[in-house]
Amino acid sequence: MTADPIVLPSEFYNRDPRQVCRDLLGKVLVRREGRKRLMGRIVEVEAYLGEDDPAAHSAAGRTRRNDVLFGPPGRAYVYFIYGNHYCLNVSCLPDGIAGGILFRALEPLHGMEQMAVARNLSLKQLHDLRLLTSGPGRLAEAFGITRERDNGKNLASCRSDLWIGDATYRPEKIMVTRRIGITKAADMPLRYVVAGNRFVSGRSTR
DNA sequence: TACATGATGCCCT
DNA sequence: GGGCATCATGTAG
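In the numbering used here, the protein residues as written are 1106 to 1311.
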């Protein structure tokens, strides 16, 4: 087994979500299951700016549901959507100021078999690895992420069983587009993708 | 207490 | 390309 990547400190997230988005592309999401590891390279994220962003969960002010977004940076904000799916976010900006980033797609790096089991995919379906982690609901399911288990967890600590590590990999080119699946503030360019990466969600991989 | 809605994915056509 | 499952949350009443 290769060594774990170095965990990114909470200061990394203590900035404008748009800047964190750019720097997060290419980093690695790690799930520790005992001695085993699930790892995926971050290739698609979306910024949610806080109380001034109509599309953000924090737009209506602080509630029990979105409390993590208002808390300290580098924490996991997990919510349940459409009665079916969990989505993973990380909080940004200092304690008291809302802001976060939605993880939309990963490139699987390690533990693909276990991800397939978590996604209820057969070996035959495994011919396309995009089915594992392309899309926010998919990647959450592949990594076993739920609100009960992970909401509020510190992603900036390698003592957590879910955290984000640095990587030597740097995306050649970053593309910025509109965010997916929202109606309010839909034309704001706040979705960041690794250009040309085949694990980016959506129809056109470009 | 009731109801509308949603940062999705899957299956069918 | 479109319909639909399925439920936590927030808001209205």
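Idealized CB from N, CA, C, for every residue including glycine. Note that this is a predicted model, so its numbers are computed, not measured.
Here's the rule: buried if 16 or more other CB atoms are within 10 angstroms of the residue's CB, otherwise exposed. What is residue i?
{"i": "R1311", "result": "Any reading at R1311 is ruled out, since the residue's pLDDT is 36, under 50, leaving its predicted position unreliable."}
{"i": "S1227", "result": "exposed"}
{"i": "P1199", "result": "exposed"}
{"i": "K1258", "result": "buried"}
{"i": "I1186", "result": "exposed"}
{"i": "G1155", "result": "buried"}
{"i": "E1151", "result": "buried"}
{"i": "S1309", "result": "Residue placement at S1309 is flagged as unreliable, the pLDDT there being 47, under the threshold of 50; a coordinate-derived value is accordingly withheld."}
Is it true that the CB of residue j sits closer than 9 Å to the CB of residue i?
{"i": "L1244", "j": "A1221", "result": "no"}
{"i": "V1125", "j": "I1206", "result": "yes"}
{"i": "A1272", "j": "Y1118", "result": "no"}
{"i": "R1296", "j": "R1283", "result": "yes"}
{"i": "Y1153", "j": "G1201", "result": "no"}
{"i": "G1240", "j": "V1112", "result": "no"}
{"i": "H1190", "j": "G1242", "result": "yes"}
{"i": "D1172", "j": "M1293", "result": "no"}
{"i": "V1135", "j": "L1143", "result": "yes"}
How close, in whole Å, do the beta carbons of residue i and residue j come, if the pair is a contact with beta carbons under 8 Å?
{"i": "C1197", "j": "P1178", "result": "5 Å"}
{"i": "L1267", "j": "A1210", "result": "With a Cβ gap of about 17 Å, L1267 and A1210 do not count as contacting."}
{"i": "E1149", "j": "S1306", "result": "6 Å"}
{"i": "E1246", "j": "R1275", "result": "About 28 Å separates the two Cβ atoms, so there is no contact after all."}
{"i": "Q1219", "j": "K1278", "result": "Between K1278 and Q1219 the Cβ distance is about 31 Å, and since that is not below 8 Å, they are no contact."}
If we ignore side chains and look at the alpha-carbon of each, how far apart do residue i and residue j end up?
{"i": "F1248", "j": "H1215", "result": "11 Å"}
{"i": "A1160", "j": "H1232", "result": "35 Å"}
{"i": "A1108", "j": "K1289", "result": "43 Å"}
{"i": "C1192", "j": "N1256", "result": "10 Å"}
{"i": "I1147", "j": "Y1184", "result": "19 Å"}
{"i": "G1176", "j": "G1131", "result": "25 Å"}
{"i": "P1122", "j": "H1162", "result": "14 Å"}
{"i": "P1087", "j": "G1139", "result": "The question about residue 1087 has no answer here: the residues shown for the chain are numbered 1106 through 1311."}
{"i": "T1168", "j": "V1299", "result": "33 Å"}
{"i": "V1195", "j": "L1234", "result": "24 Å"}
{"i": "I1287", "j": "R1127", "result": "21 Å"}
{"i": "R1252", "j": "R1170", "result": "10 Å"}
{"i": "V1281", "j": "M1217", "result": "28 Å"}
{"i": "E1116", "j": "G1188", "result": "34 Å"}
{"i": "R1137", "j": "I1250", "result": "12 Å"}
{"i": "R1254", "j": "C1263", "result": "16 Å"}
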